[in-house]
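Chemist: Chains as they are written, first to last, in my numbering: chain G, 1 to 231; chain R, 1 to 231.
2 protein chains.
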Amino acid sequence: MAAIFDTISEPIARRVTAGLGKIALVLRSRAWKGAAPAGVTPTQVQVLGLLCGLPDGIRLAALAQLMGVSAPTASDTVSSLVAKGLVLKEPGTDRRSIGLRITPAGKALADRAAAWPDFLTRAVDVLESDEKTAFLRSLIRIIRSLQESGDIPAQRMCVTCRYFRPGAYPDDAGPHHCAFVDAPFGDQHLRIDCAEHEAASTAAQAENWQRFMTGERVARRAENLPGQFAR
Amino acid sequence: MAAIFDTISEPIARRVTAGLGKIALVLRSRAWKGAAPAGVTPTQVQVLGLLCGLPDGIRLAALAQLMGVSAPTASDTVSSLVAKGLVLKEPGTDRRSIGLRITPAGKALADRAAAWPDFLTRAVDVLESDEKTAFLRSLIRIIRSLQESGDIPAQRMCVTCRYFRPGAYPDDAGPHHCAFVDAPFGDQHLRIDCAEHEAASTAAQAENWQRFMTGERVARRAENLPGQFAR
DNA sequence: AATAACAATTAGGAGTGCTAATTATCTGGC
DNA sequence: GCCAGATAATTAGCACTCCTAATTGTTATT
Numbered sequence: 001m002a003a004i005f006d007t008i009s010e011p012i013a014r015r016v017t018a019g020l021g022k023i024a025l026v027l028r029s030r031a032w033k034g035a036a037p038a039g040v041t042p043t044q045v046q047v048l049g050l051l052c053g054l055p056d057g058i059r060l061a062a063l064a065q066l067m068g069v070s071a072p073t074a075s076d077t078v079s080s081l082v083a084k085g086l087v088l089k090e091p092g093t094d095r096r097s098i099g100l101r102i103t104p105a106g107k108a109l110a111d112r113a114a115a116w117p118d119f120l121t122r123a124v125d126v127l128e129s130d131e132k133t134a135f136l137r138s139l140i141r142i143i144r145s146l147q148e149s150g151d152i153p154a155q156r157m158c159v160t161c162r163y164f165r166p167g168a169y170p171d172d173a174g175p176h177h178c179a180f181v182d183a184p185f186g187d188q189h190l191r192i193d194c195a196e197h198e199a200a201s202t203a204a205q206a207e208n209w210q211r212f213m214t215g216e217r218v219a220r221r222a223e224n225l226p227g228q229f230a231r
Numbered sequence: 001m002a003a004i005f006d007t008i009s010e011p012i013a014r015r016v017t018a019g020l021g022k023i024a025l026v027l028r029s030r031a032w033k034g035a036a037p038a039g040v041t042p043t044q045v046q047v048l049g050l051l052c053g054l055p056d057g058i059r060l061a062a063l064a065q066l067m068g069v070s071a072p073t074a075s076d077t078v079s080s081l082v083a084k085g086l087v088l089k090e091p092g093t094d095r096r097s098i099g100l101r102i103t104p105a106g107k108a109l110a111d112r113a114a115a116w117p118d119f120l121t122r123a124v125d126v127l128e129s130d131e132k133t134a135f136l137r138s139l140i141r142i143i144r145s146l147q148e149s150g151d152i153p154a155q156r157m158c159v160t161c162r163y164f165r166p167g168a169y170p171d172d173a174g175p176h177h178c179a180f181v182d183a184p185f186g187d188q189h190l191r192i193d194c195a196e197h198e199a200a201s202t203a204a205q206a207e208n209w210q211r212f213m214t215g216e217r218v219a220r221r222a223e224n225l226p227g228q229f230a231r
């Protein structure tokens, strides 16, 4: 059965990569159409989006890493945003470093410009509810793998968070627990970029990941679910 | 169950979009590291990749559409590739149009530079076999939806091909049939960019899609499976 | 034959993205 | 205390990306 295609086809992982590449391409080209009317570029919107989620500010080198570009490129982009009054440069902890913060005008523009990827959100929404959950789960596996291999900077995902308690309940629809908001949740609620994320220790991450992947349930509820005040 | 997260979470489709955006980002930044050693840019590699799959050549406007950029941008990129001897400009059907073709040197470089997204292929490969198949299927649904809404140019996917015969066999592992190579195949072999693709009529696409999505099987094998010589 | 539509390019400008070099600052050893 | 070395950010210089608007030549329409 299907023996011929096993030999003539490219590996499935490579075809998936190609598909992700197609989506990456359209995201890039759509980004221009979404950003240009606001008088900015896709890269600039990206920076504003990152800074929105970082109320404490960030130094330039760290921003460059999050953007996936070199420090000079990040410096240029930030300079033009400062010139447009969308970003503020503050003195950093160090006298040689700077703290970057978004201005109210920048925040307003970021909120307005955040709608452009809606075309992709609508396309994702054609998937069945269960299929979306499975897709999100697979996506998280892929991103975590990229993070482990060092191809992507640390993401603020549930699965690497110190507040994540996988398999804390017998309930199949909501087996996990978030100790920050102290509430149960399911795979369909897993986050990829949570503002409240705090990285767990490497050992805890590995243990949680193992539990998450196998779907193992942990009975010891009370002692295992310290909320946000039980640090 | 999980009631709180239903209200405080962003919709799952939006989180999926964000995840796809993360991958798009790393693909873009890795593209530089993969292309630069070969003396080209990511955009140029992309053009070479597209031309590799188009042995009959292509006109500039069509290339621009596939690239998702404006015609002048495509013209610039092509010019620099011509200057590097990687692409050839030939007279087109029209005296105002041109035919673009890849040179042997361009083909060699494209083959060498095609390995850079391997880091993502490895990450995708951490998924279980079944999970990969499901992920590919979902990806295809998303891409097809983008295609229907006009957000992405026509892709050369099985599900829109005139040789595609979904559900032609009772075999769960290989229910489909490709009438071009005249062989059965399964979801795990679905292609997103097949060189042999020929678009089916809109009506046939809709019918095939319906059959593909519902998993319906079609018994009438002989009359339903004209091979590549039975046009 | 005049006009409109089309394919590609050119002009001009802001921005992206790199490496290498520079300036200012911090850190560690002696 | 002071100097070598590491760091944070910027500058310089270059090639390329990406846009809109205008241009040139060709084809289609009327």
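Cβ coordinates follow ideal geometry from the N, Cα and C atoms, glycine included. Here the structure is a predicted model, which means the values were calculated and not measured.
(1) Spatial neighbours of E223/R within its chain, please: C-beta separation below 8 Å, excluding the five flanking residues on both sides.
(2) Following the continuous alpha helix (DSSP H) through L136/R, name the residue where it begins and the one where it ends.
(3) Checking 8 Å against the spacing of the C-beta atoms, do P184/R and D172/R come in under that value?
(4) Please determine, among P37/R, G57/R, V78/R and T17/R, the residue with the shortest C-alpha to C-alpha distance to Q46/R.
(5) Just to check, is the beta-carbon of L109/G closer than 7 Å to a non-hydrogen atom of the ligand SAM?
(6) Can you give me the start and stop residues for the alpha helix (DSSP H) that A35/G sits inside?
(7) When you compare only the Cα positions, how much space is there between A204/G and R144/R?
(8) If we cut at 8 Å on Cβ distances, does A38/R have a partner in chain G?
(9) What do you reckon, are the CB atoms on A123/G and L27/R nearer than 8 Å?
(10) Output needed for A115/G: all residues of its chain with C-beta closer than 6 Å, excluding positions within five of it in sequence on either side, in chain order.
(11) Listed in chain order, which residues of the region 163–188 of chain G have Cβ atoms closer than 7 Å to some Cβ of chain R?
(12) If we count Cβ pairs, one from each stretch, closer than 8 Å, do we get three or more for the region 90–100 of chain R versus the region 35–45 of chain R?
(13) One question on the structure: do T17/R and P117/G come within less than 8 Å of each other, judged by their Cβ atoms?
(14) Let me know the beta strand (DSSP E) ranges lying completely inside the region 89–116 of chain G, each 3 residues or longer, listed in chain order.
(15) Between which residues of its own chain and L127/G is the CB-CB distance below 7 Å, once the five residues before and five after are set aside?
(16) Chain R beta carbons: is any one of them nearer than 8 Å to that of K84/G?
(17) With contact counted as at least three CB pairs below 8 Å, one residue from each stretch, are the region 187–197 of chain G and the region 154–163 of chain G in contact?
(18) Got a sec, what are the start and stop residues for the beta strand (DSSP E) C178/G sits in?
(19) Taking A83/R as the reference, which of W209/R, V40/R, P175/R and A71/R has the closest Cα?
(20) What beta strand (DSSP E) runs, 3 residues minimum, are completely inside the region 161–215 of chain G?
(21) Roughly how many angstroms lie between the CA atoms of D6/G and G186/R, to the nearest whole one?
(22) Report yes if the CB atom of I142/G is closer than 8 Å to the CB atom of L190/G, and no otherwise.
Modeler: So, from the data block:
(1) In the second sequence, counting from the first residue as 1, residue 223/R sits at position 223. Residue confidence is low: E223/R scores 48 on pLDDT, short of 50, so the model does not pin down where it sits. No coordinate-derived value is stated.
(2) Position 136 of the second sequence holds residue 136/R. From DSSP, the alpha helix (DSSP H) with L136/R extends over S129 to E148.
(3) On the second sequence, residue 184/R is found 184 positions in, with the first residue counted as 1. On the second sequence, residue 172/R is found 172 positions in, with the first residue counted as 1. Between P184/R and D172/R, the C-beta gap is not smaller than 8 Å, which leaves the two residues out of contact.
(4) The residue given as residue 46/R occupies position 46 in the second sequence. Ranked by Cα distance from Q46/R, the options P37/R, G57/R, V78/R and T17/R are led by V78/R.
(5) This structure lacks the ligand SAM; in fact it carries no ligand of any kind.
(6) Taking the first sequence and counting its residues from 1, the one referred to as residue 35/G is at position 35. Unbroken alpha helix (DSSP H) run through A35/G: I12 to A35.
(7) Against the first sequence, residue 204/G aligns to sequence position 204. Against the second sequence, residue 144/R aligns to sequence position 144. When rounded, the distance between both Cα atoms is 40 Å.
(8) By one-based count along the second sequence, residue 38/R stands at place 38. No, A38/R lies away from the interface with chain G (no Cβ there is under 8 Å from its Cβ).
(9) As a position in the first sequence, residue 123/G is number 123, starting the count at 1. As a position in the second sequence, residue 27/R is number 27, starting the count at 1. Going by C-beta atoms, A123/G is not nearer than 8 Å to L27/R.
(10) Looking up residue 115/G in the first sequence gives position 115. The beta carbon of A115/G is closer than 6 Å to none in its chain, skipping five residues each way along the sequence.
(11) Under the 7 Å Cβ criterion, the region 163–188 of chain G contributes D171, A173, G174, V181, A183, P184, F185, G186 and Q188.
(12) No: fewer than three Cβ pairs fall under 8 Å.
(13) As a position in the second sequence, residue 17/R is number 17, starting the count at 1. As a position in the first sequence, residue 117/G is number 117, starting the count at 1. Closer than 8 Å, so yes.
(14) The region 89–116 of chain G contains these whole beta strand (DSSP E) runs: 98–102.
(15) Your numbering for residue 127/G matches position 127 in the first sequence. Result list for L127/G: F135, in chain order.
(16) The residue you call residue 84/G lines up with position 84 of the first sequence. Chain R, which has no Cβ nearer than 8 Å to the Cβ of K84/G, makes this no.
(17) Yes: at least three Cβ pairs fall under 8 Å.
(18) In the first sequence, the residue the question calls residue 178/G occupies position 178. Here the beta strand (DSSP E) through C178/G covers H176 to C178.
(19) Here residue 83/R is taken as the residue at index 83 of the second sequence, counted from 1. When the alpha-carbon of A83/R is set against those of W209/R, V40/R, P175/R and A71/R, the nearest one is in V40/R.
(20) Here the runs fully enclosed are 176–178 and 183–185.
(21) Counting from one through the first sequence, the residue named residue 6/G turns up at place 6. Counting from one through the second sequence, the residue named residue 186/R turns up at place 186. Inter-residue distance for D6/G and G186/R is about 10 Å (C-alpha atoms, whole angstroms).
(22) Position 142 of the first sequence, counted from the first residue, corresponds to residue 142/G. Position 190 of the first sequence, counted from the first residue, corresponds to residue 190/G. No.
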